[in-house]
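Okay, so the sequence shown: first residue is -14 according to the numbering used here, each after it adds one.
Backbone N, C-alpha and C fix where the C-beta goes; we use that ideal spot for every residue, glycine too.
From a predicted model like this one, the values you see are computed outputs, not experimental measurements.
I have placed the structure first, in the form of structure tokens, so that the comments after it can refer back to it.
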Amino acid sequence: MTKMSGAQALLESLERQKVNTIFGILGGAILPVYDELNYHKKIRHILARHEQCAAHEAEGYARASGRVGVCMATSGPGATNLVTGIADAYMDSVPIVALTGQVPSSGVNTSYMIGRDAFQEADIIGIVTAVTKYSYQPRHISEIPSMVNNAFYLAGTGRPGPVLIDMPKNVQTGVADVEFTNKISLRGYKLITEPKPQKISEASDLLAKAERPIILVGGGAITSGASHEIVQMSDLLMAPVATTFMGKGAFPETHPMSLGSVGMHGNPAANRLIGEADVLLAVGTRFSDRATANLDTFASHAKKIQIEIDNAEINKNIEVDVAILADAKIAMRVLLQATKEKLQKGEGKAWTKRVKEAKEQLSPLLKDRPRDIVPKHLLAALRELLPDNGIVTTEVGQNQMWSALYLKALKPRTFISSGGLGTMGFGFPAAIGAKVACPDRPVVDIAGDGSFIMSEQELACSVTEDIPVIAIVLNNSVLGMVAQWQRTLYDRRYNAVKLGKSPDFVKLADAYGAQGFRANSIEEFQKAVKTALASKVTTVIDVPISSECDVVPFVPPGCGLPQQMGDY
């Protein structure tokens, strides 16, 4: 045992978890931990400019690296400002640990303050209960090492997600004997990673006999590292592969059998062919409404196989014929071998021909079009300039859906966006976190002006902390997705969507010490991107586009996937 303060015990525990970066903003209730950070040089602290952005930065770090991201804030408003980022991580199964300060629980010359509405007190444990895997609040210094061990194990295993540790100030400042151990003690937390042989047999029977198989891949496939097995299964069955929005990048979108993303703003070929499949293999997806559209008509002709690590997601939205509760990579490896042993060669030629035909008729970017400055051409030009391992984050709105449609993702963990919660302001801080995790790779945020304005203050973080990222702002002077809905579904009755011409993003970048460019043509855009990629300075590229430019096609509310409106 070693005698030390609670703040020392916390940071020593974090170092034992190989934490090298914390994104945060300090305040009085977490000040003892920040003071102790002066003596823990293995951990880099990155000063965010808003606590919500600190959480998004931790998300970007986690999603780019596969490791647990860490964010930290003070009590009260600092903690509550983290909540949106914590909820975003919960919806998208992102492993982060959030550390918060708290008013004293007790101490020398200090009575209990928790529960007395003390200055900057908030019941953060109660607030985040619905959006965390678990939350901890140590009352004794000796509890800290085991709580940290458990928190990181919970965050990073099974279906990943956020865990919160709330640190009363007296626990940070008090001194006691502390014992460090690698022991994990989580009563009732049992991971099931190995699939049941009977379920594998049932699934392989369906796949071996399928005439029109299709594979649907979600974010769980990326988390588990199942991409290689999915490619092998596609090649074995000659099965086309569609991804959910969160699964984008799990299957290389340049592969001949790639259909791109499925859903409300999905690739029409993916949406059409899912309705024609006779067997659907769903890997690491929860069948969200944005992927399935109308639940009653989704893949209505297909026998459905679901591989999922979280038992709560099986049969929740879509009833399946074979449910495999297991880690996606482990299950796919076993399923691949079982299917190989049963498969009859020489079948599936008609389905392969149909897939090729559907892609040629329906997929975007296959038609020859002028090089005018519209999102599809901008994103195609960006893809040509980015290396295969370049990381793209997005904001939320039209920019996000254009990116899903037109920017091909080639590798896992290279496309990072807010899926389930749809959090505006996510992309730029997530880009900062991804760049910290992968400093030798270019990181680009595809933004809309409305979303970028919500977190533009992180330019100060990016510049000051020397984290050079690129923000491409598709600037249409409106809240584009809402404006599109008002235009399409509300007879152009616009309300509260027009942003005007402010700010000037080039001048804004300059004000923060970054560099800014404005591109009014594809050629100017290509030049600006090349300059940004070669630069060691954060760059903002302002690209004015029409406020009338829609994301099309899209599936209207209540409709099935094939009922898409609009043309490319």
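Practice prompt. Identify whether Phe591 lies in helix, strand or coil by the three-state DSSP scheme.
Written response: No information on residue 591 is available, as it lies outside the stretch -14 to 553 that the chain covers here.
Practice prompt. Report the rounded CA-to-CA distance for Leu493 versus Phe411, giving the unit in angstroms.
Written response: Spanning the two alpha carbons is a distance of roughly 19 Å.
Worksheet item: In three-state terms, what does DSSP make of Gly543?
Response: The answer is coil: DSSP assigns Gly543 none of H, G, I, E or B.
Worksheet item: Candidates Arg124, Pro147, Phe400: which alpha carbon is nearest Ala161's?
Response: From the listed residues Arg124, Pro147, Phe400, the smallest Cα separation to Ala161 is found for Arg124.
Worksheet item: Looking at C-beta atoms only, is the number of pairs between the region 290 to 300 and the region 147 to 167 that lie closer than 8 Å three or more?
Response: Result no; under three Cβ-Cβ pairs closer than 8 Å.
Worksheet item: Below 8 Å, can you find three or more Cβ-Cβ pairs linking the region -7 to 6 to the region 377 to 385?
Response: Taking 8 Å as the limit for Cβ pairs, the verdict is that the region 377 to 385 does not touch the region -7 to 6.
Worksheet item: Among Glu508, Cys544, Ile455, Asn460, which one has its Cα closest to the Cα of Ser520?
Response: Taking only the C-alpha atoms, the option nearest Ser520 is Ile455.
Worksheet item: Between Glu36 and Leu(-4), which are expected to be in contact by the criterion C-beta below 8 Å, what is the C-beta distance as a whole number of angstroms?
Response: Leu(-4) and Glu36 do not touch by the CB rule: their CB atoms are close to 20 Å apart, not below 8 Å.
Discussion item. Quick check on the DSSP output: what are the complete alpha helix (DSSP H) runs of length 4 or more inside the region 17 to 96, in order along the chain?
Written reply: Counting whole runs of 4 or more residues, the region 17 to 96 contains the alpha helix (DSSP H) stretches 36 to 50, 62 to 76.
Worksheet item: Between the Cα of Leu459 and the Cα atoms of Ser388, Tyr479, Gly269, Ser447, which residue gives the shortest distance?
Response: Closest option to Leu459, judged by alpha-carbon separation, among Ser388, Tyr479, Gly269, Ser447: Ser388.
Worksheet entry | Asp162 in three-state terms, based on DSSP | Three-state result, Asp162: strand.
Worksheet entry | Touching by the beta-carbon criterion (3+ pairs, under 8 Å), the region 176 to 189 and the region 125 to 133 | Three or more Cβ pairs closer than 8 Å define a contact, and the region 176 to 189 falls short of that threshold against the region 125 to 133.
Worksheet item: Can you tell me whether Ile303 is buried or exposed, with buried defined as 16 or more other CB within 10 angstroms of its CB?
Response: So Ile303 counts as buried.
Worksheet item: Roughly how far, in whole angstroms, is the beta-carbon of Phe490 from the beta-carbon of Val463, given that I think they are within contact range, below 8 Å?
Response: So it is not a contact: roughly 15 Å between Cβ atoms.
Discussion item. I'd like the list of long-range same chain contacts for Glu533, defined as Cβ closer than 8 Å, with 5 residues on each side in sequence excluded.
Written reply: Taken in chain order, the residues that qualify are Arg472.
Item to complete: For Ile169, count neighbouring C-beta atoms within 10 Å of its own C-beta (all shown protein chains included) and say buried if the count is 16 or more, exposed if not.
Response: Exposed, because fewer than 16 other Cβ atoms sit within 10 Å of the Cβ of Ile169.
Practice prompt. Whole angstroms is fine: what's the gap from Asp312's alpha carbon to Pro145's?
Written response: When rounded, the distance between both Cα atoms is 12 Å.
Discussion item. Within a Cβ cutoff of 7 Å, which residues of the same chain sit near Met373, ignoring the five residues on either side of it in sequence?
Written reply: The sequence given here places Asp at residue 373; Met does not occur at that position. Closer than 7 Å at Cβ, skipping near neighbours: Leu395, Lys396.
Discussion item. Looking at Ile207: is its Cβ nearer than 9 Å to the Cβ of Met231?
Written reply: In this structure, Ile207 sits near Met231, with a CB-CB distance shorter than 9 Å.
Worksheet item: From Ser436 to Met409, what distance separates their C-alpha atoms?
Response: The straight-line gap from Cα to Cα measures roughly 5 Å.
Practice prompt. Go ahead and pull the three-state DSSP assignment for Lys289.
Written response: It is a strand residue.
Discussion item. Quick check on the burial criterion: 16 or more other C-beta atoms within 10 angstroms. Buried or exposed for Ser559?
Written reply: Because residue 559 is not part of the residues shown, which for the chain are -14 to 553, the question remains open.
Item to complete: Could I get the ranges of all uninterrupted beta strand (DSSP E) runs contained in the region 336 to 389, with 3 residues as the minimum, in chain order?
Response: If we require 3 residues or more, the beta strand (DSSP E) runs fully inside the region 336 to 389 come out as 376 to 379.
Worksheet entry | Simplified DSSP assignment, three categories, for Pro198 | Reduced to three states, the DSSP call for Pro198 is strand.
Discussion item. Does Val477 pass the burial test, meaning 16 or more other C-beta atoms within 10 Å, or should it be called exposed?
Written reply: Looking at the sequence itself, residue 477 is Arg, so the reference to Val does not match. The C-beta of Arg477 has fewer than 16 other C-beta atoms within 10 Å across all chains shown, which makes the residue exposed.
Worksheet entry | Gly143 - partner residues in DSSP beta bridges | DSSP, once it has assigned bridges, lists no residue as partnering Gly143.
Worksheet entry | Whole beta strand (DSSP E) elements within the region 245 to 310, 3-residue minimum | 264 to 268, 288 to 293, 307 to 310, all fully within the region 245 to 310.
Practice prompt. Express the C-alpha separation of Cys56 and Ile81 in angstroms, rounding to a whole number.
Written response: Our two residues, Ile81 and Cys56, have alpha carbons roughly 8 Å apart in a direct line.
Practice prompt. Report the rounded CA-to-CA distance for Ile150 versus Glu441, giving the unit in angstroms.
Written response: Ile150 and Glu441 have their C-alpha atoms roughly 28 Å apart.
Worksheet item: Tell me which same chain residues have a C-beta within less than 8 Å of the C-beta of Asp263, skipping the five on either side of it?
Response: Contacts found: Ala195, Glu196, Arg197, Pro198, His286, Ala287, Lys288.
Worksheet item: If we ignore side chains and look at the alpha-carbon of each, how far apart do Ala47 and Tyr138 end up?
Response: Using only the alpha carbons, I get a separation of about 14 Å.
Practice prompt. Tell me the start and end of each unbroken alpha helix (DSSP H) in the region 395 to 459 that is at least 4 residues and wholly inside, in chain order.
Written response: Qualifying alpha helix (DSSP H) stretches, in chain order: 412 to 422, 434 to 438, 443 to 449.
Discussion item. Taking the straight line between their C-alpha atoms, what separation do you get for Tyr174 and Gly205?
Written reply: Cα to Cα, the separation comes out at about 19 Å.
Discussion item. Tell me which residues share the same chain as Thr142 and place their Cβ nearer than 7 Å to its Cβ, disregarding the 5 neighbours each side in the sequence.
Written reply: Exclusion of the five residues before and after Thr142 leaves Leu176 as the residues of its chain whose Cβ lies within less than 7 Å of its Cβ.
Worksheet item: Are Thr59 and Ile110 touching if we call contact CB-CB under 9 Å?
Response: For Thr59 and Ile110, no; Cβs fall outside 9 Å.
Practice prompt. Please report the Cβ distance between Val268 and Gly203, rounded to the nearest whole angstrom; I am assuming they are in contact, meaning their Cβ atoms lie under 8 Å.
Written response: The C-beta distance from Val268 to Gly203 rounds to 7 Å, short enough to meet the 8 Å contact threshold.
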